[in-house]
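These notes are about the structure you will find just below.
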Amino acid sequence: MNVLFTSTFSGGLIVSAAATPLAARVQDTLCDFFSSRSALIDAVGGGYREAVSTLEAFVLQGGKRVRPAFAWAGWSAAGGDPQGADADAVLRVCSALELVQACALVHDDIIDASTTRRGFPTVHVSFAEQHRSAKWSGDPAHFGTSVAILLGDLALAWADDMVRESGISPEAAARIAPVWSAMRTEVLGGQFLDIRGEASADESIEAAMRVNRYKTAAYTIERPLHVGAALAGADDAVVDAYRRFGTDVGIAFQLRDDLLGVFGDPSVTGKPSGDDLRAGKRTVLLALALSRADRDDPGAARFLRDRLAAANPTSELSDTPRGDRFVEAAVLTDSDIDTMRGIITDVGAVEEIETRIDALTESALAALEGVASPKDVAATGTFVTEEGCITDAGRAELTAMALAMATRST
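As structure tokens, then:
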């Protein structure tokens with residue numbers, strides 16, 4: 009299969025993954041895994057093949073491959089040998105992170121009622137349209153949501169299968185098991201915090217940062233690096249440095265995403281312009297804007313809250329069997345979005361986010377600098393085991409990746 013998708017890092021930019029050896033190997037590894045499930049899927053029949061093919065296309069035809077890249081870089085920087093006997097098994101574990109990501113995205117699109125992802129209809133929207141076109145009975149939207157939930161669940165189950173069948177040593181499997189479990193728990197917890205924050209209209213910066221920490225940073229960079237360190241058998245000093253680095257870079261990544269969700273170019277991001285505002289997402293950017301507007305321009309603060317309330321109306325109690333009857337959300341106009349963008353910029357929230365991204369990136373790089381390299385140990389005679397070092401090449405690669413994440417445009 010010759011599928012183009014976007015991924016890893018060169019000169020501070022995210023480039024075509026088809027041009028990078030690691031991304032091509034991740035692609036082949038995922039294709040092999042899907043092929044290994046083909047007979048079982050066909051045996052189920054009844055349209056299951058078509059449904060799973062949609063998941064397969066979702067995984068193979070898009071995405072930045074950030075998580076496998078960080079897991080692999082973490083493993084190799086901590087002493088893993090990319091040419092070693094266990095490299096293919098390690099790559100299968102790293103590639104399994106893409107299936108965790110697929111689960112998170114498919115379910116997140118349902119939760120956010122998103123209609124597009126990477127410039128294409130979201131999975132639940134695609135199946136709703138299939139139902140509608142076929143003129144089947146029942147509600148097309150409910151059908152689409154139901155199928156997408158199942159496919160997201162399947163992706164998460166298959167991620168675990170891929171790790172279990174990877175071929176890593178029993179010792180390595182035991183080391184990564186608690187890390188993998190923590191990652192799954194954290195990303196689901198982060199998603200819960202996000203949902204709760206929107207429902208409760210929580211405006212605090214602290215709450216938004218907590219969502220960033222657990223919904224994005226933990227499973228995007230921190231835990232993939234931790235998985236890589238565990239696969240390499242790295243000691244606590246490396247793990248601690250990776251986790252501090254990963255948390256800071258992951259939050260910087262999400263803060264950049266907050267900016268793109270309001271100011272991004274749809275032709276580049278694949279999402280409608282101002283999508284986060286239309287969805288009323290409680291981001292750090294918005295929390296900062298509200299806090300600063302309360303102080304400097306109360307009228308602007310009222311406008312932001314009014315528009316957010318319109319995008320996320322409260323429910324009314326209902327006697328219908330389905331429970332709450334929700335007031336239909338208002339569609340924010342392009343003029344509304346432009347005004348909200350102007351307020352966010354004028355009160356200095358954009359500038360503050362850029363400052364935070366810079367500070368987080370600097371903090372992340374400092375975390376790596378605190379870990380010795382094998383060359384330093386040899387030169388100084390310092391007693392540090394190999395498991396407590398990060399190679400110079402690995403440090404340079406992680407530095408480049410951090411800078412790319414902080415300056416991306418997609």
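Just so we're aligned: the sequence shown equals residues 9 to 418 in this note's numbering. Ideal placement from N, C-alpha and C gives every residue a C-beta, glycine not left out.
Using a 10 Å radius around the Cβ and a threshold of 16 neighbouring Cβ atoms, would you call residue i buried or exposed?
i	result
GLY282	buried
VAL52	exposed
PRO178	exposed
ASP344	buried
ARG75	buried
ASP342	exposed
HIS150	exposed
SER208	exposed
GLY127	exposed
SER61	exposed
GLY307	exposed
THR193	exposed
TRP80	buried
VAL358	buried
ARG206	Contrary to the premise, residue 206 reads as Glu rather than Arg in this sequence. Counting Cβ neighbours within 10 Å, GLU206 comes out buried, since at least 16 surround it.
Taking just the CA atoms, how far does residue j sit from residue i?
i	j	result
GLY87	LEU406	14 Å
GLY55	ALA136	15 Å
ILE119	GLY92	42 Å
VAL98	LEU239	7 Å
CYS111	PHE200	15 Å
ALA47	LEU162	16 Å
PRO280	LEU268	10 Å
GLY82	GLU64	27 Å
MET413	LEU296	22 Å
PRO148	HIS139	5 Å
ALA142	ALA156	18 Å
HIS132	THR153	5 Å
ARG286	GLU362	22 Å
VAL235	PHE261	19 Å
ALA77	LEU30	8 Å
THR418	ARG57	31 Å
ASP284	GLU173	39 Å
ALA318	LEU340	8 Å
ALA410	ASP50	42 Å
On the DSSP bridge assignment, give the partners of residue i in chain order.
i	result
ARG125	PHE128
**Message:** Runs of 4 residues minimum, wholly inside the region 224-306: which ones carry the alpha helix (DSSP H) assignment?
**Reply:** 231-240, 244-271, 274-277, 283-286 and 292-304
**Prompt:** Would you call the region 218-231 and the region 245-258 touching, i.e. three or more CB-CB distances under 8 Å?
**Reply:** yes
**Asked** Is there contact here, the region 163-171 with the region 97-112, by at least three beta-carbon pairs under 8 Å?
**Response** In short, these stretches touch, since the Cβ pair count reaches three.
**Segments of 4+ residues assigned as alpha helix (DSSP H) that fall wholly inside the region 162-217** = 178-207
**Prompt:** Using 8 Å as the Cβ pair cut-off and three pairs as the minimum, do the region 354-363 and the region 291-310 touch?
**Reply:** Because the criterion of three Cβ pairs below 8 Å is met, the region 354-363 and the region 291-310 touch.
**contact_flag[the region 57-70, the region 186-194] where n(CB pairs < 8 Å) is 3 or more** = In short, these stretches do not touch, since the Cβ pair count stays below three.
**Asked** Quick one: any contact between the region 398-405 and the region 374-382, if contact means 3 or more CB pairs under 8 Å?
**Response** At 8 Å Cβ cutoff, the stretches touch.
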